[in-house]
Amino acid sequence: MPSLNNAVVLVTGANGGIGTQFVHQALARGAAKVYATARTPRTWDDSRIVPLTLDVTDPASIQSAVEAASDATVLINNAGANPPTASLLEITEADLRQNMETNFYGPVLLARAFAPTLAAAPDSVLIDVHSVASWYAFGGIYSASKAALWSATNSLRLELAPRGVHVVGVHMGYVDTAMAAHADGPKMTPADLVQAVLEGSRPAPMRSSPTPPPRA
Numbered sequence: 003m004p005s006l007n008n009a010v011v012l013v014t015g016a017n018g019g020i021g022t023q024f025v026h027q028a029l030a031r032g033a034a035k036v037y038a039t040a041r042t043p044r045t046w047d048d049s050r051i052v053p054l055t056l057d058v059t060d061p062a063s064i065q066s067a068v069e070a071a072s073d074a075t076v077l078i079n080n081a082g083a084n085p086p087t088a089s090l091l092e093i094t095e096a097d098l099r100q101n102m103e104t105n106f107y108g109p110v111l112l113a114r115a116f117a118p119t120l121a122a123a124p125d126s127v128l129i130d131v132h133s134v135a136s137w138y139a140f141g142g143i144y145s146a147s148k149a150a151l152w153s154a155t156n157s158l159r160l161e162l163a164p165r166g167v168h169v170v171g172v173h174m175g176y177v178d179t180a181m182a183a184h185a186d187g188p189k190m191t192p193a194d195l196v197q198a199v200l201e202g203s204r205p206a207p208m209r210s211s212p213t214p215p216p217r218a
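Under our numbering, think of the first position of the sequence shown as 3, with each following residue one higher.
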């Protein structure tokens with residue numbers, strides 16, 4: 003996605019370090035408008051940025067976002083949450099379920115809700131942020147929820163490709179944000195991550211979808 007000329011982008015989790023970079027870099031690449039969503043939207047010093055209230059765990063909030071951003075051509079599922087513990091044995095059932103609501107059900111339901119909007123737009127894109135925790139199981143329910151989202155992204159890619167929607171999954175290591183403040187070792191900057199995502203999201207030539215295996 004080297005150019006976003008005249009695109010209308012919706013970013014979830016826009017208040018965080020990665021989300022903020024998605025907002026700014028989308029505009030720098032030519033986006034006409036960016037919906038910067040969060041549970042409590044912040045103020046932005048740019049008329050092209052539209053703050054929008056969105057709780058990805060609330061179906062009514064998702065529907066309101068679809069109605070408010072009916073001109074969206076790019077959806078970036080960036081919002082996510084860390085559980086209070088990486089142990090599946092120690093985490094409470096409430097926190098277990100809440101993490102799945104935020105990291106899996108939220109982005110999948112948002113993608114479903116925006117699918118008709120994206121399918122109606124030319125050069126539309128869906129970007130899901132997974133992290134390497136989706137294939138390394140060190141994060142307990144966080145890893146499990148991101149792995150589930152990764153699988154769902156692959157399924158959405160097959161379903162949305164015939165409708166003209168390009169679907170991208172992002173698997174990154176530690177990024178220098180508040181969420182990774184506890185981690186030691188090297189970290190990407192949010193700016194470098196977002197640049198890599200947007201530069202690497204050019205649609206590939208269309209290929210036929212694989213034939214599903216026969217059912218037993």
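Note that CB positions come from ideal geometry on N, CA and C, so glycine has one too. The structure presented is a predicted model; accordingly, all values stated were derived computationally and were not measured.
Tell me the residue span of the alpha helix (DSSP H) that contains residue i.
i, result
"ASN156", "143-162"
"PHE24", "19-30"
"ASP194", "192-201"
"ARG99", "95-102"
"SER63", "61-70"
Could you give the residue range of the beta strand (DSSP E) that holds residue i?
i, result
"ILE129", "126-131"
"ASN79", "76-79"
Across which residues does DSSP place residue i in a beta bridge pair?
i, result
"GLY171", "ASP130"
"THR1", "Missing from the structure shown is residue 1; the chain here goes from 3 to 218 and no further."
"VAL13", "ALA38 and ILE78"
Where does residue i sit, in a helix, a strand or coil, going by DSSP?
i, result
"LEU112", "helix"
"LEU6", "coil"
"PRO216", "Residue placement at PRO216 is flagged as unreliable, the pLDDT there being 40, under the threshold of 50; a coordinate-derived value is accordingly withheld."
"TYR107", "helix"
"SER136", "helix"
"LEU91", "coil"
"PRO118", "helix"
"ARG50", "coil"
"SER211", "Interpretation of SER211 is limited by its pLDDT of 38, a score under 50 that renders its predicted location unreliable; the figure taken from the coordinates is listed afterwards. Note: SER211 maps to coil in three-state DSSP."
"ALA206", "Its pLDDT being 46, under 50, ALA206 is placed unreliably by the model, and the measurement read from it follows with that caveat. Of the three classes helix, strand and coil, the one that applies to ALA206 here is coil, per DSSP."
I think residue i touches residue j, with their Cβ atoms under 8 Å apart; what is that distance to the nearest whole Å?
i, j, result
"ALA11", "VAL76", "Note on identity: in this sequence residue 11 is Val, with Ala being the wrong assignment. The Cβ separation is near 4 Å, so the contact holds."
"MET102", "ILE64", "Rounded, the Cβ-Cβ distance is 16 Å, inconsistent with contact."
"PRO173", "SER147", "The question names Pro, but residue 173 in the sequence shown is His. No, HIS173 and SER147 are not in contact; Cβ-Cβ is about 14 Å, not under 8 Å."
"THR22", "ARG41", "With 8 Å as the limit, THR22 and ARG41 do not qualify as a contact, their Cβ atoms being about 15 Å apart."
"LEU160", "ALA113", "13 Å between Cβ atoms; not a contact."
Please confirm whether residue i and residue j have their CB atoms less than 8 Å apart.
i, j, result
"VAL131", "ASN80", "yes"
"VAL52", "ALA38", "yes"
"ALA122", "LEU162", "no"
"ILE78", "VAL13", "yes"
"ALA88", "GLY171", "no"
"ALA70", "ARG50", "no"
"GLY82", "VAL134", "no"
"PRO192", "GLY19", "yes"
"ARG31", "SER5", "yes"
"ALA149", "VAL110", "no"
Could you tell me whether any non-hydrogen atom of the ligand FMN is closer than 7 Å to the CB of residue i?
i, result
"VAL110", "The ligand FMN is not among the ligands present in this structure, which contains no ligands whatsoever."
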